[in-house]
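Written out below as structure tokens is the structure these notes cover.
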Amino acid sequence: MNRKYRKPLIAGNWKMNKTPSETKAFLTQFKAMLPKGRGCDIALCVPAVCIPAAVKAAKETRISIGAETCSAFSSGAYTGEISAIMLADAGCKRVIVGHSERRAMGETDRDVNAKLHAALAAGLSPILCCGESLEQRELGVTQEWIAMQLKAALRGVEAEQIRRVVVAYEPIWAIGTGHTASPEQAEEVCAQIRTILRKLYGGKLARAAVILYGGSMNDQNAPELLAQPDIDGGLIGGASLDPEKLIRILEAANQ
Ligand code: PGA
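Here it is as structure tokens:
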């Protein structure tokens, strides 16, 4: 983290976990434990049906609520989909775009780009995910892959919009596996992401960009990961389901 230029962000990604009632119970417990300092931003990206409960419970707190994906379209005949405009109207501030689990369900780089634009147009702050597979890492093409994913996702995104985009580096081999990237491995790619942003948007915006690491981050490994200069926070799956663990990660980010 480099607090001089950036405020850290700890974001939970609940995936397909918790009901609306469980969301309410989580937030009651979580709010009571929230550390006083405002040293870092907090977001919870929750299942769509949990958004109203989460928004209500997080009202007048510093917790922002987000969704886990959005449609690339603003309205129309897309049964089951939810637009970024609907999410913003429901009280969401953020949305995850391009998570590897969504990409595995068929989301292409073109879709990710369209969703990013839809999120930005609706006034949301997208958390844009990128990350390589184990095979790609072993083949030594991580750098090229991340550059390709980022450039494709950010196509047409203007400099004034990039301030609202958070990039999350999530190596696929580290997600939900318990195999966290080492602090050095995570830092190497996060620094590379900043270099790509510098080439695309210039030094000032790249310096201000918030870049997260995600993939089995927990209360044990967070301090070391967050100590890296280009890791400005975490996108946390499993460990974000437990309020006590999430609080300990927040405390690490507040150090
Ligand atoms: P994990 O998930 O922390 O459970 O590995 C991270 C993510 O997929 O965002």
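When you read off a place in the sequence shown, starting at 1, and then add 19, the result is the number in my numbering. Built from N, CA and C at the ideal position, the CB exists for glycine as well.
Q | Alpha-carbon spacing of Arg-183 relative to Pro-39, whole angstroms | A | Residue mapping note: residue 183 aligns to position 164 of the sequence shown, counting from 1. Residue mapping note: residue 39 aligns to position 20 of the sequence shown, counting from 1. The straight-line gap from Cα to Cα measures roughly 28 Å.
Q | Any non-hydrogen atom of the ligand PGA within 7 Å of His-198 CB | A | Counted from its first residue, the sequence shown places residue 198 at position 179. It does not: the Cβ of His-198 is nowhere closer than 7 Å to a heavy atom of the ligand PGA.
Q) In whole angstroms, what separates the C-alpha of Ile-268 from that of Lys-223? A) Along the sequence shown, read from residue 1 onward, the residue named residue 268 stands at position 249. Along the sequence shown, read from residue 1 onward, the residue named residue 223 stands at position 204. Approximately 28 Å, taken between the alpha carbons.
Q. Going by beta carbon distance, what residues of the same chain come within less than 6 Å of Gln-247, once the five residues before and after it are set aside?
A. Here residue 247 corresponds to residue number 228 of the sequence shown, with the count starting at 1. Result list for Gln-247: Pro-202 and Glu-206, in chain order.
Q.
Beta-carbon within less than 7 Å of Asp-25's beta-carbon, same chain only, minus the 5 sequence neighbours each way: which residues are those?
A. For this step, residue 25 is matched to residue 6 along the sequence shown. It is worth fixing the name first, because residue 25 is Arg in this sequence and not Asp. The answer, listed in chain order, is Ala-227, Val-229 and Asp-251.
Q | Rounded straight-line distance, which links the Cα of Cys-69 to that of Lys-78 | A | Position 59 of the sequence shown, counting from 1, holds the residue named residue 78. Position 50 of the sequence shown, counting from 1, holds the residue named residue 69. Cα-Cα distance, rounded: 14 Å.
Q.
Taking the alpha helix (DSSP H) that Asp-130 belongs to, which residues open and close that run?
A. Here residue 130 corresponds to residue number 111 of the sequence shown, with the count starting at 1. From DSSP, the alpha helix (DSSP H) with Asp-130 extends over 128-140.
Q: Taking only heavy atoms of the ligand PGA into account, decide whether any of them is closer than 7 Å to the Cβ of Glu-79.
A: Taking the sequence shown and counting its residues from 1, one reaches residue 79 at position 60. Every heavy atom of the ligand PGA is 7 Å or more from the Cβ of Glu-79, so no.
Q) Between the C-alpha atoms of Ile-215 and Ser-83, what's the straight-line distance to the nearest angstrom? A) Within the sequence shown, the letter at position 196 stands for residue 215. Within the sequence shown, the letter at position 64 stands for residue 83. If you take the alpha carbons of Ile-215 and Ser-83, they lie about 28 Å apart.
**Q.** Simplified DSSP assignment, three categories, for Ala-83
**A.** Translated into positions along the sequence shown, residue 83 becomes position 64. According to the sequence displayed, residue 83 carries Ser and not Ala. Ser-83: strand per DSSP, three-state reduction.
(Q) Could you give the first and the last residue of the continuous alpha helix (DSSP H) run that contains Arg-121? (A) Taking the sequence shown and counting its residues from 1, one reaches residue 121 at position 102. Run containing Arg-121: 119-123, per the alpha helix (DSSP H) assignment.
Q. Under 7 Å from any heavy atom of the ligand PGA, does the C-beta of Ser-235 make it?
A. In the sequence shown, residue 235 corresponds to position 216, counting from 1. Result yes, Cβ under 7 Å from the ligand PGA.
Q. Rounded to a whole number of angstroms, what is the C-alpha to C-alpha distance between Arg-76 and Leu-46?
A. Translated into positions along the sequence shown, residue 76 becomes position 57. Translated into positions along the sequence shown, residue 46 becomes position 27. With the sequence shown as reference, residue 76 is identified as Ala, and Arg is not the correct amino acid for it. Going from the Cα of Ala-76 to the Cα of Leu-46 covers about 6 Å.
Q.
When you compare the CB positions of Val-185 and Leu-143, do they come within less than 8 Å of one another, or not?
A. To locate residue 185, count along the sequence shown from 1; it is residue 166. To locate residue 143, count along the sequence shown from 1; it is residue 124. It is not a contact, given that the beta carbons lie outside the stated cut-off.
Q) So what does DSSP say about Asp-238, is it helix, strand or coil? A) In the sequence shown, counting from the first residue as 1, residue 238 sits at position 219. Correct three-state label for Asp-238: coil.
**Q.** Span of the alpha helix (DSSP H), counted from its first residue to its last, around Ile-181
**A.** By one-based count along the sequence shown, residue 181 stands at place 162. That run of the alpha helix (DSSP H) goes 178-181.
Q) When the Cα of Ile-104 is compared with those of Ala-140, Leu-260 and Met-124, which residue comes out closest? A) As a position in the sequence shown, residue 104 is number 85, starting the count at 1. For the residues Ala-140, Leu-260 and Met-124, the minimum Cα distance to Ile-104 belongs to Ala-140.
Q: Sort out for me which residues DSSP pairs Asn-21 with in a bridge.
A: In the sequence shown, residue 21 corresponds to position 2, counting from 1. According to DSSP, which records beta bridges pairwise, Asn-21 is partnered with nothing at all.
**Q.** Residue ranges of each alpha helix (DSSP H) within the stretch 196-228, 4 or longer
**A.** 202-220 and 222-227
(Q) Given this structure, state the Cα-to-Cα distance separating Leu-135 from Leu-254, to the nearest angstrom. (A) Taking the first residue of the sequence shown as 1, we reach residue 135 at position 116. Taking the first residue of the sequence shown as 1, we reach residue 254 at position 235. Going by the C-alpha atoms only, they are around 17 Å apart.
Q: Over the uninterrupted alpha helix (DSSP H) stretch that includes Val-74, give me the two end residues.
A: Position 55 of the sequence shown, counted from the start, is the residue given in the question as residue 74. 70-77 is the extent of the alpha helix (DSSP H) around Val-74.
Q.
Please classify Lys-23 as buried or exposed, where buried requires at least 16 neighbouring CB atoms within 10 angstroms.
A. If you number the sequence shown from 1, residue 23 lands on position 4. By the 10 Å Cβ count, Lys-23 comes out exposed.
Q: With DSSP as the reference, please indicate the residues paired to Pro-145 in a beta bridge.
A: Position 126 of the sequence shown holds residue 145. Pro-145 is bridged to Val-114.
Q. How would you write the range of the alpha helix (DSSP H) that Asp-60 sits in, first residue to last?
A. Your numbering for residue 60 matches position 41 in the sequence shown. It is not in any alpha helix (DSSP H) - Asp-60 instead sits in the beta strand (DSSP E) that spans 60-64.
Q. Start and end of the beta strand (DSSP E) containing Ala-187?
A. As a first step, residue 187 is located in the sequence shown; it is residue number 168 there, counting from the start. Ala-187 -> beta strand (DSSP E) spans 185-188.
Q) Whole-angstrom Cβ separation of Leu-260 and Lys-50, contact assumed at under 8 Å? A) Here residue 260 corresponds to residue number 241 of the sequence shown, with the count starting at 1. Here residue 50 corresponds to residue number 31 of the sequence shown, with the count starting at 1. Actually they do not touch by this definition, with Cβ atoms about 16 Å apart.
(Q) Whole angstroms are fine: how far does the CA of Lys-170 sit from the CA of Gly-125? (A) Taking the sequence shown and counting its residues from 1, one reaches residue 125 at position 106. Taking the sequence shown and counting its residues from 1, one reaches residue 170 at position 151. Cα to Cα, Gly-125 sits roughly 19 Å from Lys-170.
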